[in-house]
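In what follows, a single structure is set out as structure tokens and then discussed.
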Amino acid sequence: MEQNDIDEGLYSRQLYVLGHDAMRRMGEANVLICGMRGLGVEVAKNVILAGVGSVTIQDEGTTEWADLSSQFYLTESDLGKNRAICSEKHLARLNSHVRLCTYTEPPNKDFLHKFQVVVLTDSSLEEQLSVAAFCHSNNIKFILADTKGLCGQLFCDFGENFLVRDTDGEPPSVSMIAHVSKENPGIVTCTDEQAAFSDGMHVVFSGVQGMTELNSYGPIEIKILDNYSFSICDTSNFTEFEKGGVATEVKATKMLNFIPLDVALEKVMQDQELLVPTDHGKVQRHQSLHLGFRALQEFQQKYNRLPKPRNQSDAELLLAMTKQLSAAVHFDSLEEDVVRKLSLTARGSLAPINAFIGGLAAQEVMKACSGKFTPLKQWLYFDALECLPEQENCDGGLTENDCAPRDSRYDGQIAVFGSEFQEKLKKQRYFLVGAGAIGCELLKNFALIGLGAGEGGHITVTDMDSIERSNLNRQFLFRSEDIGRQKSEVAAEAVHEINPSINITSHQNRVGQESESIYTHQFYSSLDGVAAALDNVEARVYLDERCVQYRKPLLEGGTLGGKAHTLVVVPHLTESYGPATSSGQKAIPLCTLKHFPHRIEHTLQWAREQFEGLFNQTPEHVNQYLSDADFWARTAGRGEAEAAEVVEVVYRSLKDRPRNWQDCVAWARLQWESFYNNDIAQLLYCFPPDHVTSSNLSFWMGAKRCPHPLTFDPANTTHVDFIVASANLYGQVYGIEGSTDRADILKLLKGVRVPPFHPKSSVKIAVEDEERKESTEERNDEDQAKMDELKQKLSSLQPAGQQGRMFPLEFEKDDDSNFHMDFIVAASNLRAENYDIPAADRHKSKLIAGRIIPAIATTTAATSGLMCLELYKLVQGHQQISSFRTSFLNMAASYYLMSQPFEEPVFTVAGKEYSLWDQFLVQGRKEGQEEMTVEELLKYVKENYHLTITALFYGPALLYSNHSDRLKQRVSDVVLMVTKNELPVHMQMLELIPSFAEDEDCEKVPPVRYIFR
1 MEQNDIDEGL YSRQLYVLGH DAMRRMGEAN VLICGMRGLG VEVAKNVILA GVGSVTIQDE
61 GTTEWADLSS QFYLTESDLG KNRAICSEKH LARLNSHVRL CTYTEPPNKD FLHKFQVVVL
121 TDSSLEEQLS VAAFCHSNNI KFILADTKGL CGQLFCDFGE NFLVRDTDGE PPSVSMIAHV
181 SKENPGIVTC TDEQAAFSDG MHVVFSGVQG MTELNSYGPI EIKILDNYSF SICDTSNFTE
241 FEKGGVATEV KATKMLNFIP LDVALEKVMQ DQELLVPTDH GKVQRHQSLH LGFRALQEFQ
301 QKYNRLPKPR NQSDAELLLA MTKQLSAAVH FDSLEEDVVR KLSLTARGSL APINAFIGGL
361 AAQEVMKACS GKFTPLKQWL YFDALECLPE QENCDGGLTE NDCAPRDSRY DGQIAVFGSE
421 FQEKLKKQRY FLVGAGAIGC ELLKNFALIG LGAGEGGHIT VTDMDSIERS NLNRQFLFRS
481 EDIGRQKSEV AAEAVHEINP SINITSHQNR VGQESESIYT HQFYSSLDGV AAALDNVEAR
541 VYLDERCVQY RKPLLEGGTL GGKAHTLVVV PHLTESYGPA TSSGQKAIPL CTLKHFPHRI
601 EHTLQWAREQ FEGLFNQTPE HVNQYLSDAD FWARTAGRGE AEAAEVVEVV YRSLKDRPRN
661 WQDCVAWARL QWESFYNNDI AQLLYCFPPD HVTSSNLSFW MGAKRCPHPL TFDPANTTHV
721 DFIVASANLY GQVYGIEGST DRADILKLLK GVRVPPFHPK SSVKIAVEDE ERKESTEERN
781 DEDQAKMDEL KQKLSSLQPA GQQGRMFPLE FEKDDDSNFH MDFIVAASNL RAENYDIPAA
841 DRHKSKLIAG RIIPAIATTT AATSGLMCLE LYKLVQGHQQ ISSFRTSFLN MAASYYLMSQ
901 PFEEPVFTVA GKEYSLWDQF LVQGRKEGQE EMTVEELLKY VKENYHLTIT ALFYGPALLY
961 SNHSDRLKQR VSDVVLMVTK NELPVHMQML ELIPSFAEDE DCEKVPPVRY IFR
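The sequence shown lines up with residues 1 to 1013 when you count with full-length UniProt numbering.
Structural data, given as structure tokens:
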């Protein structure tokens, strides 16, 4: 595949994780996945979405009731039919670029020769050893994946001399060069702080002017000197450095050697480096699980079955077998309780466990195909045995009868948790916010486990977005025919097909203050829990606040490429998600954007702002002027300077309105001249290349790169790209049809007169300490005079009715036919050329300017699985914090960390401890009675909580502080009086913050939650 053969519209988010080279290598790979139970179909789904060349699914078995608890493409009508054949039509619809085949015979050696990667699930030890040996000797990458109840295993053998092309998946570190010294060693000074560089890293240089020897020197090892500089090779004989240049990290490769399965089975008991930990509190347990899984294989071979659910005799048999294996390898740390639990639950097939192990296994398939990221080396064990009931006995009091099969779609889950817990799951009422990648995976798991699928149970899912083509690569509930429809609506329909019993309602609302009339006190009070599948911190914080307010548990998860995190918030036990913290992204200073860009991120942000100003804000201002009677009042509220600027934009847009396509081309050409010649020339007029500061230092040094104007060249592709995109966008906002005929556009350009530019000494350029100082009164007077002049001019241009109405454009990064990204790429790269900044291609430009979050299906699948394991614990009502887990995954580096969440922080009021989960709940209006007065509220708190309120706040508004005149007033009336705002009809509860006489100095107190309706 060439780069152009990659379907970037479909794979755009994944391409930012893997890159084009890795995607091309994956596109040439043929993958075999054996076993189409819950785990196998999960692996197949993720691998097909990823876009390998072909996938063959193999299964000799037929559908059983227990399969339906985790195999989302099987239904009751498939009972008795081959699992692979039944799954084929569903898997084939996931990705038309992947060839899908089905095989229903045992995989023999001739058949295995066709594949580069083989995945075994649901297989016997004999089959594993045979297939693994053949794959190792024939350089076929081999992956073993298995789940039993609440436990899972994963093994990888990628053969000898497996080349890892990128060990961590992080983008190469880049540094813009300010100066390079001529000495031994040479010292490189950067324009920005470069914390991403480290000792021993190798870099290559490009774009260096003057000391051009560096551009062809090859990778150079660096040594960090401080935050802004590092040393390189001997540069004493190089030519003098002039300006510019970029140092780019060269990603290190790594060669790995894998040992075959038969050797690894034994060696793992002596060499823990072959075990990748998943939970650092369970490191010893992993070896016990390794022996337990081997014993399960022996048990199944001997008795032709797995241990029966909750059968104590079978558990003791399995334990005896495991002890024999343990003694043979001299392992004296066997966790017998773990082996018993493994036996008691081994027949279980759980969707969350399969989602997690299936996500990891699919990621290993992609590593095997592409050489991208560090593969698992070589064993991984995982268990979530803490999901079992918290009773003292390991079986939680469950009996064989409780967990016996019932010819139910939930048999695989009942085998682990029993039928009573299944009924409890069915009655749950949950609110899912977000139906994107994680949301789709969560809904699939909800349907499989039966959440909200019984009488009284219900799931509400909301997502305001509609389906785009780029979603299809990881939001697997959607198909190409769904593009344009609402995500939540399609997702609800899709999971209803998985489990027709699920009770689900879809909404298209943003969750925030604007939707509080929908998600009311009554709504939240009726819930059992909330799940967040969101892509922004602000929404997470808001939802967390609601969960704390109503004391509801929250499941939260997020991904960034191959990285993921999950968090469970448990009322009265853990801390909450908490307030928003810094995202780590630094705002770009205004003067950097306007005058001193030195990174491509700066020019891309500048281009975005030009797009918003020219094609969105300007048309909106014009439309407001034409249709809003309060335009002048609204504009005046912006301040004199900004108001004058807005009015001037409106005046020019109406005065210079284009009449035809030729006018649009002319406007684009003049805009080019303004951006890339005139503005730069004006800046250099104010601050010439030899300009010095008051300290007699060169003005153009460090991060300030001295720019140079550009001369328009009709033979330069980027120059014409700007004209084509700008002219078409300009035409769109005025309702004029555009064109992409470059020959015609070049002809029109010949007729455009570009007036000569003369720098103006009167132009003020505000640049840090160089800004001219004027009094506020003088500036305001000037702006007001300008405003009066513009008002008069506008009155003479008054269009009739809506004649001058314009059409604002909302920036859309994923539609390649709308010229939006064409403009951004061309505008940014031309400005980069002004400042000798290396240009960015369309792919990188879209990532930065579109603020795209890289995403991949494997990570979202694994994340949803971990979230739903916490859901099991919440529904059972676990009360021990040691039972819960937060997690951080970096699948690119094969790093998995699960740990106990932090406990709820406590604070003291009047000698008594409280936490964020505590509140003073007051029923302010009882049925048939009048609402409480302020005096009655104070008395209620005194009698029930033994605290004396001295002051009461509603947000920043002071409701009461020895206001004797307010004591007899209704609480809601006082709120209305001090805020001067009507309380919304849907509002039923007021959150009031008290101060207490018993402890006036406490910084934090529980709120008074006052229900008044």
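Where a beta carbon is used, it is the ideal one built from N, C-alpha and C, also for glycine.
Practice item. To the nearest angstrom, report how far apart PHE712 and ARG742 are at their CA atoms. Key: Per the coordinates, the alpha-carbon of PHE712 lies some 15 Å from the alpha-carbon of ARG742.
Practice item. Report the option in SER883, GLU575, GLY562 whose CA atom is closest to the CA atom of LYS552. Key: It is GLU575.
**Study point:** Strand pairing of GLU903, partner residues [DSSP]
**Key:** GLU903 is bridged to THR574.
Review point. For the 8 Å Cβ check, are there 3 or more pairs between the stretch 272 to 284 and the stretch 366 to 381?
Key: Verdict: yes, contact present.
Check your understanding: Going by DSSP, which residues form a beta bridge with ASN82?
Key -> According to DSSP, which records beta bridges pairwise, ASN82 is partnered with THR62.
**Study point:** Residue range of the unbroken beta strand (DSSP E) whose run includes THR950
**Key:** In the DSSP assignment, THR950 falls within the beta strand (DSSP E) that extends over 949 to 954.
Review point. Does DSSP put ASN393 in a helix, in a strand, or in coil?
Key: Residue confidence is low: ASN393 scores 49 on pLDDT, short of 50, so the model does not pin down where it sits. Its coordinate-derived value is still stated next. Coil, per DSSP.
Review point. Using DSSP with H/G/I as helix, E/B as strand and the rest coil, what is HIS290?
Key: Note: HIS290 maps to helix in three-state DSSP.
Check your understanding: Do ALA84 and ASP262 have their CB atoms nearer than 8 Å?
Key -> The Cβ-Cβ distance between ALA84 and ASP262 does not fall below 8 Å.
Point to revise | Continuous alpha helix (DSSP H) stretch holding TRP667: start and end | key: Going by DSSP, TRP667 is part of the alpha helix (DSSP H) stretching over 661 to 673.
Exercise for review: Kindly indicate which three-state DSSP category ALA178 falls into: helix, strand or coil?
Suggested key: In the structure shown, ALA178 sits in a strand (DSSP, three-state: E or B).
**Study point:** 8 Å Cβ shell around VAL922 - same chain, five flanking residues per side excluded
**Key:** These residues qualify, in order along the chain: MET932, LEU937, TYR940, VAL941, VAL1008, ARG1009, TYR1010, ILE1011.
Exercise for review: Please list the segments of the alpha helix (DSSP H) lying wholly inside the stretch 244 to 295, counting only runs of 4 or more residues, in order along the chain.
Suggested key: The stretch 244 to 295 contains these whole alpha helix (DSSP H) runs: 261 to 267.
Check your understanding: Taking the C-alpha atoms as reference points, what is the distance between ASP5 and THR860?
Key -> Their backbone Cα atoms lie some 26 Å apart in a straight line.
Exercise for review: Determine the contact status of PRO219 and VAL203, defining contact as a CB-CB distance below 8 Å.
Suggested key: Yes, the Cβ-Cβ distance between PRO219 and VAL203 is below 8 Å.
Check your understanding: Taking just the CA atoms, how far does ARG608 sit from GLN14?
Key -> Whole-angstrom Cα-Cα distance: 23 Å.
Point to revise | Residue range of the unbroken alpha helix (DSSP H) whose run includes LYS487 | key: LYS487 -> alpha helix (DSSP H) spans 487 to 498.
**Study point:** Selection from GLU183, ALA50, THR462 that minimises the alpha carbon distance to CYS369
**Key:** Among GLU183, ALA50, THR462, the Cα nearest to that of CYS369 belongs to ALA50.
Check your understanding: Curious, which full-length beta strand (DSSP E) runs of at least 3 residues does the stretch 195 to 252 contain?
Key -> Inside the stretch 195 to 252, DSSP marks whole beta strand (DSSP E) runs of 3 or more residues at positions 202 to 206, 223 to 226, 229 to 231, 246 to 249, from first to last along the chain.
Review point. DSSP three-state call for MET821: helix, strand or coil?
Key: In the structure shown, MET821 sits in a helix (DSSP, three-state: H, G or I).
**Study point:** LEU360 versus SER726, ALA725, GLY40, LYS750, residue with shortest Cα-Cα distance
**Key:** The candidate whose alpha carbon is nearest that of LEU360 is GLY40.
**Study point:** Cβ pair count under 8 Å reaching 3, the stretch 345 to 358 against the stretch 144 to 153
**Key:** A contact exists between the stretch 345 to 358 and the stretch 144 to 153.
Exercise for review: Assign PRO1006 to one of two classes, buried (16 or more other C-beta atoms within 10 Å of its C-beta) or exposed (fewer than that).
Suggested key: The residue is buried, with at least 16 neighbouring Cβ atoms inside 10 Å.
Exercise for review: Provide the residue span of the beta strand (DSSP E) that contains HIS458, from first to last.
Suggested key: That run of the beta strand (DSSP E) goes 458 to 462.
**Study point:** Environment of residue 1024 [buried if 16+ CB atoms lie within 10 Å]
**Key:** Here the chain has residues from 1 to 1013 only, and residue 1024 is not among them.
Point to revise | Below-8 Å beta-carbon distance, SER87 vs any chain B residue | key: The structure shown has no chain B; it contains just one protein chain.
Practice item. Determine the burial state of GLU620: buried for a count of at least 16 other Cβ atoms within 10 Å of its Cβ, exposed for fewer. Key: Per the 10 Å Cβ criterion, exposed.
Practice item. Can you have a look at GLU774 and say buried or exposed, based on whether 16 or more other CB atoms are within 10 angstroms of its CB? Key: Residue placement at GLU774 is poorly supported in this model, since its pLDDT is 45, which falls under 50; the coordinates still yield a value, given next. Label assigned to GLU774: exposed.
**Study point:** Distance between ASN834 and HIS179 (C-alpha atoms, nearest Å)
**Key:** When rounded, the distance between both Cα atoms is 19 Å.
**Study point:** Cβ pair SER480, LEU472 closer than 8 Å
**Key:** Yes. Within cutoff.
Exercise for review: Count the other CB atoms, across all protein chains shown, that sit within 10 Å of the CB of HIS719; report buried if there are 16 or more and exposed otherwise.
Suggested key: HIS719 counts as buried, since at least 16 other C-beta atoms from the protein chains shown sit within 10 angstroms of its C-beta.
**Study point:** Secondary structure of GLU768, DSSP reduced to three states
**Key:** Below a pLDDT of 50, predicted positions are generally treated as unreliable, and GLU768, at 47, falls in that range; no measurement from the model is reported.
Practice item. Determine the burial state of LEU442: buried for a count of at least 16 other Cβ atoms within 10 Å of its Cβ, exposed for fewer. Key: When all chains shown are included, LEU442 counts as buried.
Point to revise | Neighbourhood of CYS440 by C-beta distance below 7 Å, restricted to the same chain and skipping five residues each side | key: Excluding sequence neighbours, CYS440 sits near GLN475, PHE476, LEU477, ALA491.
Review point. How long is the line joining the alpha carbons of GLU768 and ALA564, rounded to whole angstroms?
Key: Because GLU768 carries a pLDDT of 47, less than 50, the predicted location of this residue cannot be relied on, and the following value inherits that uncertainty. The straight-line gap separating the alpha-carbon atoms of GLU768 and ALA564 is approximately 41 Å.
Practice item. For THR322, count neighbouring Cβ atoms within 10 angstroms of its own Cβ and tell me buried if that reaches 16, exposed if not. Key: Buried: at least 16 other Cβ atoms inside 10 Å.
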